[in-house]
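**Q**
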Amino acid sequence: MVKIIVLVKQVLQTAELKIDKASKGIVTQGVPRVISETDKNAIEEAVRIKEKHGGKITAISMGSPEAKEALREALAMGVDEAILVTDPRFEGSDSHAVASVLAAAVTKILDYDLIICGAYSEDMFAFQVGPRLAELCNLPQFTYATKITLEGGKIIVERDLENERQIVEGKTPCLVTVVREINEPRLPTLMAIMASSKKPTSLWSGDDLSLTEEELGYNGSLDELLRSTVSSGERKRNILQGDPKDAVLKLTKTLQQEGVLKG
Amino acid sequence: MAQEKRDVWVFSEQPQHAFELLGKGKALSAELGSELVTLASTQSSADEYIRHGADKVLLVNNPLLEEFHVDTYTDALSELANEHKPEVILIGSTRNGLELAPRLAERLKTGCVTEATKIELDADKKFLLMDRVAMGGNIMETHISRSKPQIATVPKGLFSQNPPDPSRKGQVIVTQPKIKPPATKLLEKKPKEVKGVKLSDASIIVSFGRGVRKKEDLVLIEDFAKAIGGAIGCSRPIAEDLRWLPEEQYIGLSGQKVNPKLYFACGISGQIQHLTGIRNSKVIVSINNDPKAPIFEFSDYGIVGDLYVILPILTDAVRQLAKS
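These protein sequences, in sequence, are chains A and B. Per my numbering, the first sequence starts with residue 1, numbered consecutively. Per my numbering, the second sequence starts with residue 1001, numbered consecutively.
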């Protein structure tokens, strides 16, 4: 019996984001909200562990009220219970403020062996919440997992680093962050989707977690976003058309002049 | 009253990466009128850091620091930071660095900006302005930290190292911060097999995307890469969906981030995810048959045309140049 907490972030599907050239802003209207990709791997892994060892999976999502859709999908994939942690006062949270809220939620659940989450979120790629949460809960962390094996209170994790693969051993309770390679998330069956609506869900706010105003959102953050601008490439944009041979000749000549091509 | 020292600290478990951080750290500490400090676990690496610009090295002779472990390095750096109160800590943005920096920042109750793309002091030299990309590469954000030390992780290749100066002198301080044995144990490690030049080290990269229609046509790319002496990379769908190349070879926000002198994008449309991985390239050249492909907006040079026609001509031209 393994008690697992899986963390789920709902994100805008970044590949669908467009830049509005006139206002130089991002167009988010009509962009679908999805479960961040590695969090989906985390859900799948939790379900596979439960299928093997038995137990219970609780999914927690901190986010806007729309994130209940992400939790519904998690329930359909095999999660047993879902908690949406939402509060307008969370607005402006940095990764420290997010980790603090999640730490309070995890502490409220109290009884768990394993926390699993994605190594990064698809929108921010900050890699921060997992290690920060592990620190706040005083848990060992296993990052970039490609395989998780549990034996009694022992856990063995295969990790993917840039230049090597590692096998690391430790004890539960602990926190594991996963990368996409770990598994192929399932598509829930129609039956599972139907059944998911009967599973228990809760809604927690900052008050339910006994967090004070100073700990929440912008106030509770350590990092401050000063400004954000639409990212643009400042490149020469010297584009050649016409006869392929002429174009290639012009290109190689220019690259030689730039000193990036020998000859 | 004691004057604030405002020292700049750098750390990476990869020496070459640490030297780059020392290069940037030197500029920052000069502006702040403070010292550049790093952590070492052996005398020889301490000397190496001094040659590359460190004013002071905190030398910790503790077997627990021999191999990188997030637990022991968080202990060591947090203990030392609490004692010496640095202004800034720059950490190499390897996967090790990326699990260390947030855990360290949380222990020190400070902010952290991961994968910074630009770091500079504000006009009054009060804050570090740290840029990073967000929203899948669409947004460039500028952050400051409300508390100190101000921590950022920096990808390899963003800054350049200063040439080592054998005559340079620095201070080595032997210190023993309290370090607990790690909570997890490494059982085994296997280096990854990399064929040819590693993308992160390559000075020329030939990269391709969906514009290559069949796996057999890869020979076009291979021939060109061989002629020009470049490493081969690809866009995400080639590695993740088609699996024509291993995952280590796809370039993008979630994959490899590269910084070659010359980058060729062949048949790559230019999703923002891919562009974010190549933004540190010096010169970007693209070949695409769609004149409206977003990649052209992000290129220095481009040829609108069929890569099946262009590449053989280009390969020939490069071969001729090599002969002449």
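Beta carbons are placed, not taken as given, at the ideal position from N, Cα and C, and that holds for glycine. Quick caveat, the model's predicted, so the values are computed rather than measured.
Assign A/H53 to buried or exposed, taking buried as 16 or more other Cβ atoms, counted over all protein chains shown, within 10 Å of its Cβ.
**A** By the neighbour-count criterion, in which a residue is buried when 16 or more other Cβ atoms sit within 10 angstroms of its Cβ, A/H53 is exposed.
**Q** Find the residues of chain A that neighbour B/D1300, judging by a C-beta separation of less than 7 angstroms, and give them in chain order.
**A** R235, K236, N238
**Q** When you check each C-beta in the region 1135-1147 of chain B against every C-beta of chain A, which residues fall closer than 7 angstroms?
**A** For the region 1135-1147 of chain B, which is checked against every Cβ of chain A, the residues closer than 7 angstroms are M1135, G1136, G1137, N1138, I1139, M1140, E1141, T1142, H1143, I1144, S1145, R1146, S1147.
**Q** Whose CA, out of B/N1138, B/T1110, B/P1102, lies closest to the CA of A/E27?
**A** The sequence shown places Val at residue 27 of chain A, rather than the Glu named in the question. It is B/N1138.
**Q** Under 7 angstroms, Cβ to Cβ, is there at least one residue of chain A near B/I1232?
**A** no
**Q** Name the DSSP beta bridge partners of B/K1185, please?
**A** A/E169
**Q** Please determine, among A/R132, A/L222, A/I116, the residue with the shortest C-alpha to C-alpha distance to A/D94.
**A** A/L222
**Q** Check the Cβ-Cβ distances between A/E151 and every residue of chain B, and say whether any is below 7 angstroms.
**A** no
**Q** Taking any Cβ of chain B, which residues in the region 113-128 of chain A have a Cβ under 8 angstroms from it, in chain order?
**A** Y120, E122, D123, M124, F125, A126, F127, Q128
**Q** Can you tell me whether B/N1096 is helix, strand or coil according to DSSP?
**A** Of the three classes helix, strand and coil, the one that applies to B/N1096 here is helix, per DSSP.
**Q** Cutting at 6 angstroms between CB atoms, please list the residues of its own chain near A/L211, excluding the five before and the five after it.
**A** A104
**Q** Please classify B/Q1256 as buried or exposed, where buried requires at least 16 other C-beta atoms within 10 Å of its C-beta.
**A** buried
**Q** Measuring CA to CA, which of B/K1169, B/H1069, B/C1266, B/L1121 is closest to B/V1088?
**A** B/L1121
**Q** Sorted by chain position, which residues of the same chain lie with C-beta nearer than 6 angstroms to B/D1055's C-beta, five sequence neighbours on each side aside?
**A** So the qualifying residues of the chain are E1035, L1036, G1170.
**Q** A/I35 versus chain B: which residues are under 9 angstroms apart at the beta carbon?
**A** Simply none; closest approach about 15 angstroms.
**Q** List the DSSP bridge partners of B/L1039.
**A** B/L1058
**Q** Candidates A/G220, A/V11, A/T252: which alpha carbon is nearest B/I1228's?
**A** A/T252
**Q** When you compare only the Cα positions, how much space is there between B/M1001 and B/K1192?
**A** In this prediction, B/M1001 scores a pLDDT of 44, lower than 50, which makes its location untrustworthy; the coordinate-derived value is nonetheless stated afterwards. The straight-line gap from Cα to Cα measures roughly 53 angstroms.
**Q** Which of the residues in the region 1107-1119 of chain B, read from start to end, lie with their CB under 8 angstroms from any CB of chain A?
**A** R1107, K1109, T1110, G1111, C1112, V1113, T1114, E1115
**Q** Do the CB positions of A/L102 and A/L133 come within less than 7 angstroms of each other?
**A** yes
**Q** Does the pairing of the region 1049-1067 of chain B with the region 107-127 of chain A give three or more beta-carbon distances under 8 angstroms?
**A** no
**Q** Quick check: what's the CA-CA separation for B/G1277 versus B/Y1250?
**A** 9 angstroms
**Q** Quick one, which of B/E1106, B/A1152, B/R1319, B/M1135 has its alpha-carbon nearest A/N138's?
**A** B/E1106
**Q** Spell out a yes or no on whether the region 1182-1189 of chain B and the region 156-171 of chain A are touching, meaning 3 or more CB-CB pairs, one atom from each, closer than 8 angstroms.
**A** By the Cβ rule, the region 1182-1189 of chain B counts as touching the region 156-171 of chain A, because three or more pairs are nearer than 8 angstroms.
**Q** Which residues share a DSSP beta bridge with A/N138?
**A** DSSP output for A/N138 lists no bridge partner at all.
**Q** Strictly under 7 angstroms for the Cβ-Cβ distance: is A/G170 near chain B by that measure?
**A** yes
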